[in-house]
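Asker: Following our numbering, the numbering of the sequence shown begins with 43 at its first residue and continues without gaps.
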Amino acid sequence: MSETMTLRRAATPIVPALIVLGFFVWFSNWIPQTRWEPPKTRAIGAQMTPVELARVGAVLTRERGCLACHTVEPGVGVKGQGRGPNLDGVAARRAKGVPGGASDLAGYLAQSLYEPGAYLVEGYANIMPASPRPPAKLTYEETTAVVDYLMSLGGTPAVKVGDLPRPPAEAGRAPSAPAAPAAAGVADASALLDKHNCLTCHAFKVGEDRPGPPLALASLRENASARGKDLGSYLIESIVQPRAYVAGNFPPDLMPEDYGAQLTAGELYTIVSYLASSEPKP
Ligand code: HEC
Ligand code: HEC
């Protein structure tokens with residue numbers, strides 16, 4: 043028997059075990075927030091250099107669930123295999139920030155962690171939890187370390203503790219509502235609702251017999267405030283994470299859970315701004 047054969051034999055049982063382990067690591071990042079144990083905070087000294095911080099940031103990115111959505115894969119551009127953008131080269135492509143948002147790399151990276159919904163990378167939905175919130179729960183110091191790590195992906199780590207802005211008070215809360223939804227065509231919105239079968243379960247008017255709640259502005263507003271969110275954030279959550287909050291006596295597990303993956307960020311905005319508008323609906 044050749045030596046490689048023996049090695050292969052020996053390795054086989056390990057592979058499924060790794061896959062199972064990988065699944066649990068992945069899955070544990072997805073357990074609803076209430077069951078998430080607060081992650082251990084890492085000691086980060088004010089005197090650490092950006093390069094030292096970047097090293098801690100690399101570990102945090104792995105430990106705090108970022109890689110459940112993101113890949114760090116060289117040479118494939120923004121679109122990787124993940125639910126979020128490929129982070130390799132992020133420092134190079136965002137060296138000057140983004141149009142309409144922060145105009146420098148560190149500012150943009152901090153914003154993309156504090157308020158992921160403030161600027162949506164094209165083609166992606168607003169599903170990223172703000173990093174001060176569960177599951178990541180990054181402290182200010184940890185955020186600095188993660189930003190340094192991200193700066194090292196196609197650039198040079200350059201921030202020290204104290205350089206970044208503090209998270210805005212809002213950042214601990216829900217993803218922000220669409221900043222300025224492109225005047226969404228009513229026709230586009232109707233076509234999307236049709237295409238995704240929303241209207242087989244929802245009516246616009248109260249009193250029609252459907253398995254889901256009516257998408258009437260008054261009741262949506264009421265539910266949003268009961269949930270403690272502004273209307274835009276509430277609608278995004280209801281569509282992308284329908285199990286997060288169930289309004290009234292409706293079946294809690296009927297609405298498909300994968301709209302976040304099916305809809306692009308642009309489509310989601312089109313739907314949300316249509317539902318939130320006071321235009322008369324059919
Ligand atoms: C539930 C999935 C998910 C998780 C978890 C997640 N992200 Fe994201 N992230 C996304 C998506 C989707 C986008 C693109 C939409 C947007 O801009 O918000 C994004 C955008 C980003 C961007 C901007 C990328 C660019 O090309 O401009 C950065 C940086 C980032 N995430 C870092 C992180 C870090 C660091 C963590 C862990 C603390 C994390 N993300 C956790 C889904 C996720
Ligand atoms: C198979 C049936 C079904 C489909 C298809 C469906 N939904 Fe739902 N939806 C429900 C049910 C049931 C609820 C109430 C329980 C819950 O919150 O998950 C709900 C809740 C909602 C809510 C919260 C309503 C409130 O009053 O608080 C919104 C908004 C919503 N859906 C929008 C949509 C959109 C937009 C689509 C299409 C992209 C869609 N739904 C597709 C069944 C469905």
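Quick reminder that beta carbons are idealized off the backbone N, C-alpha and C, glycines included. Source: prediction; values computed, not measured.
Would you say the beta carbon of residue 270 comes nearer than 7 Å to a heavy atom of ligand 2?
Answerer: no
Asker: Should residue 244 and residue 255 be called a contact, given that it needs their Cβ atoms to be closer than 8 Å?
Answerer: yes
Asker: Figure out for me which residue from 143, 164, 141 and 210 has the closest Cα to the Cα of residue 172.
Answerer: 210
Asker: In whole angstroms, what separates the C-alpha of residue 213 from that of residue 175?
Answerer: In this predicted model, residue 213 has a pLDDT of only 48, less than 50, meaning its place in the structure is not dependable; the value taken from the coordinates is given anyway. Straight-line spacing of the CA atoms in residue 213 and residue 175 works out to 8 Å.
Asker: Compute every distance between the C-beta of residue 291 and the non-hydrogen atoms of ligand 1, then say whether any falls below 7 Å.
Answerer: With a cutoff of 7 Å, residue 291 does not count as near ligand 1, since its C-beta is closer than that to no heavy atom of the ligand.
Asker: Can you name the residues that DSSP bridges to residue 113?
Answerer: 128
Asker: Measuring straight from C-alpha to C-alpha, what distance separates residue 181 and residue 99?
Answerer: 12 Å
Asker: Tell me whether residue 118 is buried or exposed, calling it buried when 16 or more other Cβ atoms sit within 10 Å of its Cβ.
Answerer: exposed
Asker: Mark residue 153 as exposed unless 16 or more other C-beta atoms lie within 10 angstroms of its C-beta, in which case mark it buried.
Answerer: buried
Asker: Contact between the region 102 to 112 and the region 120 to 129 is defined here as three or more beta-carbon pairs at a separation below 8 Å; is this criterion met?
Answerer: yes
Asker: Report whether the distance from the Cβ of residue 312 to the nearest heavy atom of ligand 1 is below 7 Å.
Answerer: no
Asker: What three-state label does DSSP hand residue 216 in the structure shown?
Answerer: Its pLDDT being 44, under 50, residue 216 is placed unreliably in this model, and the value from its coordinates should be taken loosely. Three-state result, residue 216: coil.
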